[in-house]
Amino acid sequence: MRTTLAVAADLMREAMKRKWFLGLAIAITALLVTLGLSLRLDVVDGALAATRLFGKVSRGMTIQAVDVALRPVLEAAAWVIFYGGSVFGIIACADFAPKLLSPGRIEHLLALPVRRWELLVGTFLGVLGLSVAAALYGAGGLTLLLGVKAGVWTWRPLVAGLLSSASFAAIYAAMLTVSLWARSAAVSAAIGFVVFVSGIAAGNRHTLIPMFEPGVGRAIFTGYTMPFPRISSLGSAAASIASSQALEVRSLGSLLLGTLVFGAAVLALGAWRFEQKDF
Amino acid sequence: MGAPLAIEARGLHKTYGGLFGARQRALSGLDLQVAQGEAFGLIGPNGAGKTTFIKILLGIARPTSGEVRLLGGDPEGVEVRRRVGYLPERLHLPHAWTPPAFLASVARLKGVDGSPRLLGDLLSRVGLGDDAGRKIGGFSKGMRQRLGLAAALLGSPDLLVLDEPTDGIDPLGRMEVRRLLQEELGRGATLFLNSHLLAETERVCGRVGILSGGRVLREGRLEDLCQSSSHYRVRFAPGHDAQALAAAGFVAGRDPGSWRCQGDTPERLNEALDRARRAGALLVEVAREEKDLEEVLQEAVRSPPPPAVREEAA
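Protein sequences, first through last, are from chains A and B. According to the numbering used here, the stretch in the first sequence is residues 5 to 283, in order. According to the numbering used here, the stretch in the second sequence is residues 54 to 367, in order.
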């Protein structure tokens, strides 16, 4: 486990030197600082009386309890973290595995006292760590901001951020595994987007199915989307949790279990391939 | 071979490709043994299978058949690998890192001491002491090679497997690397060197193997390989008759008084020397002719393969 964590920590250290991640950290920080300096929430007796952004008073607002008034903000933030984070992750993390497997690097790593599965799982955990850190930084920053500005302290955005990381973990497992067949950042990103879109379709299967002709078409669509994690359902759950609304999905546990099973199965396939492969 | 073995390969075969691609044979029954504490050099033309052999040796690739043991154990064993330092031919290094950060990462993965003082000493040892604060991305090829060598030396490994260690390093730097390798040999490490620079191999290694067509064609102590079995270098005292010596079958050498002659057997050698003495030449020195490694390599690669190889090829 020590070696696996060392591999993960090295990947995170390397990522923090990359422009993509430096850019993300700067963008999140800049957004939070800008909001912190420009947003003013006037709370009177637990009710949001007025909102000022860059000194301008928002018009058309009715006075309501501050936690209720902030629900749309938290919901929107959850959507942005979930979908924006996934898209950013697919693009920014696409070349981690291809670089790890590049000639001259993989030989060096495999000659060290590191087992192949440790290298694979370490890489996966490193990317997962980055995803969790970015999601918690964004969601935590927003939580802190709203807590200080409006006195609303809630853990819900953090949970929404963790759900987005869980969803991205399943996507990245597929990206990592495909790199063991084709060492290409483009192919890795393409597979990431295929899983992402297919996962959105899987979550909306019942809404989309009437668009297909009854019979073979529907069976193929159902069969195709069946193995994918229900990403859009997880996204909805994240938004609902962040905004303290009732969950639309019947069981968050089964959703997460499905995502975990998909990720673990794909990663196991990758580990098998890695063990067989010559470099 | 009395000493325990650091490297032991028996009947190694490796074939790449399959299904739709043409199958390519990289190793065809390679046998090799390297004793612990020895400096062994592997030489051969491009495509001979040297890098494939090193990869199999370190468990980076698996043989199609045959057996390989490293320091008496499985090459994929974690404890065995902890005792090995490896420098690949083209080492890919993280550009944004500094040398101490890279070495600290390798130390963590190797499970050896990676204290800043030790890493600093190691960087000074490979000549990068003044560049410790620079990013690796700005390093020249030679500097990267030195850093790779430092990574291989981390933890004082029992076996050093170096693939072109002086590639890109300037002549003075090569001397430093040679000194460093001699120091490692001095502390008892085994050195397995793969280098295109034959002079490098000659200077560092005590034993050499010539690999071609995926098989070791010749292997032995450097002096044995480089000594000719049939040609001798002869020196006569000044005043000899050059024409008479030429007529007796001697060929003039580069230096004055130096001649070459052929003698497949002691009888033939003495017959040739008798002819020279009859011609009035006074013998002052006779020694087996020594070839350089380049000549040995050429000879080995151009000579027809042994029967076993021919049979297999057929």
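Ideal placement from N, C-alpha and C gives every residue a C-beta, glycine not left out. None of these values were measured; they are calculated from a predicted model.
Closest Cα partner of residue i within the set the options
i	options	result
residue 346(B)	138(B), 248(B), 242(B)	248(B)
residue 74(A)	160(A), 191(A), 266(A)	160(A)
residue 229(A)	126(A), 68(A), 238(A), 207(A)	207(A)
residue 179(B)	132(B), 231(B), 100(B)	231(B)
residue 245(B)	75(B), 89(B), 312(B)	89(B)
residue 82(B)	154(B), 277(B), 95(B), 64(B)	64(B)
residue 57(A)	68(A), 41(A), 66(A), 72(A)	41(A)
residue 113(A)	14(A), 260(A), 217(A), 233(A)	14(A)
residue 77(B)	325(B), 102(B), 310(B)	102(B)
residue 282(A)	325(B), 104(B), 100(B)	104(B)
residue 203(A)	173(A), 80(A), 36(A)	173(A)
residue 98(A)	108(A), 186(A), 236(A), 279(A)	186(A)
residue 199(B)	221(B), 191(B), 282(B)	221(B)
Coarse secondary structure for residue i, derived from DSSP in three states
i	result
residue 144(B)	coil
residue 247(A)	coil
residue 262(A)	helix
residue 63(B)	strand
residue 242(A)	helix
residue 170(B)	helix
residue 211(B)	coil
residue 364(B)	Annotation note: pLDDT 47 at residue 364(B) (below 50); position unreliable, no value reported.
residue 329(B)	helix
residue 216(B)	strand
residue 21(A)	coil
residue 151(A)	helix
residue 180(B)	coil
residue 58(B)	strand
residue 126(B)	strand
residue 133(B)	helix
residue 77(A)	helix
residue 6(A)	helix
residue 254(A)	coil
residue 61(A)	strand
Endpoints, alpha helix (DSSP H) assigned at residue i
i	result
residue 351(B)	346–355
residue 71(A)	70–73
residue 181(A)	160–183
residue 156(B)	152–163
residue 233(B)	224–239
residue 55(A)	Not the alpha helix (DSSP H): residue 55(A) falls in the beta strand (DSSP E), residues 51–57.
residue 95(B)	Note, residue 95(B): premise wrong, no alpha helix (DSSP H); beta strand (DSSP E) at 92–96.
residue 286(A)	With chain A running from 5 to 283 in the structure shown, residue 286(A) is simply not present.
residue 73(B)	Element bounds for residue 73(B): n/a, residue is neither H nor E.
residue 103(B)	103–110
residue 209(A)	209–212
Extent of the continuous beta strand (DSSP E) to which residue i belongs
i	result
residue 190(B)	Where residue 190(B) is concerned, there is no enclosing beta strand (DSSP E), given that its DSSP letter is neither H nor E.
residue 48(A)	43–48
residue 81(B)	77–88
residue 343(B)	336–343
residue 119(B)	118–123
**OP:** Taking 8 Å as the threshold, find out whether the segment 65–83 of chain B comes into contact with the segment 262–279 of chain A through three or more Cβ pairs.
**Re:** Contact between the segment 65–83 of chain B and the segment 262–279 of chain A is absent, because fewer than three Cβ pairs lie under 8 Å.
**OP:** Please specify which runs of the alpha helix (DSSP H), each continuous and at least 4 residues long, are wholly inside the segment 85–121 of chain A, giving them in chain order.
**Re:** Unbroken alpha helix (DSSP H) runs of no fewer than 4 residues, entirely contained in the segment 85–121 of chain A, are found at 89–96, 100–104, 110–114, following chain order.
Subject >> Segments of 4+ residues assigned as alpha helix (DSSP H) that fall wholly inside the segment 244–311 of chain B >> reply: Given a length threshold of 4 residues, each whole run of the alpha helix (DSSP H) inside the segment 244–311 of chain B is given here in chain order: 251–257, 275–279, 295–300.
Original post:
Would you call the segment 240–249 of chain A and the segment 82–91 of chain A in contact, with 3 or more CB pairs under 8 Å?
Top reply: A contact exists between the segment 240–249 of chain A and the segment 82–91 of chain A.
**OP:** Count the C-beta pairs between the segment 120–133 of chain A and the segment 165–184 of chain A that are closer than 8 Å, then say yes if the count reaches three, no if not.
**Re:** Taking 8 Å as the limit for Cβ pairs, the verdict is that the segment 165–184 of chain A does touch the segment 120–133 of chain A.
Subject >> Validate contact between the segment 93–103 of chain A and the segment 194–203 of chain A using beta carbons, cut 8 Å, 3 pairs >> reply: Remark: three or more beta-carbon pairs, one from each stretch, lie closer than 8 Å, so the segment 93–103 of chain A and the segment 194–203 of chain A are flagged as touching.
Subject >> Validate contact between the segment 168–183 of chain B and the segment 136–148 of chain B using beta carbons, cut 8 Å, 3 pairs >> reply: Verdict: no, contact absent.
Original post:
Counting Cβ pairs, one atom from each stretch, are 3 or more of them under 8 Å apart for the segment 323–336 of chain B and the segment 286–298 of chain B?
Top reply: Counting C-beta pairs closer than 8 Å gives three or more between the segment 323–336 of chain B and the segment 286–298 of chain B, which meets the contact rule.
Original post:
Just checking, does the segment 41–50 of chain A make contact with the segment 126–144 of chain A on the three C-beta pairs under 8 Å criterion?
Top reply: Here the segment 41–50 of chain A makes no contact with the segment 126–144 of chain A; the two share fewer than three CB pairs at distances below 8 Å.
Subject >> the segment 263–280 of chain B in contact with the segment 296–311 of chain B per 3-pair CB rule at 8 Å >> reply: No, the segment 263–280 of chain B is not in contact with the segment 296–311 of chain B.
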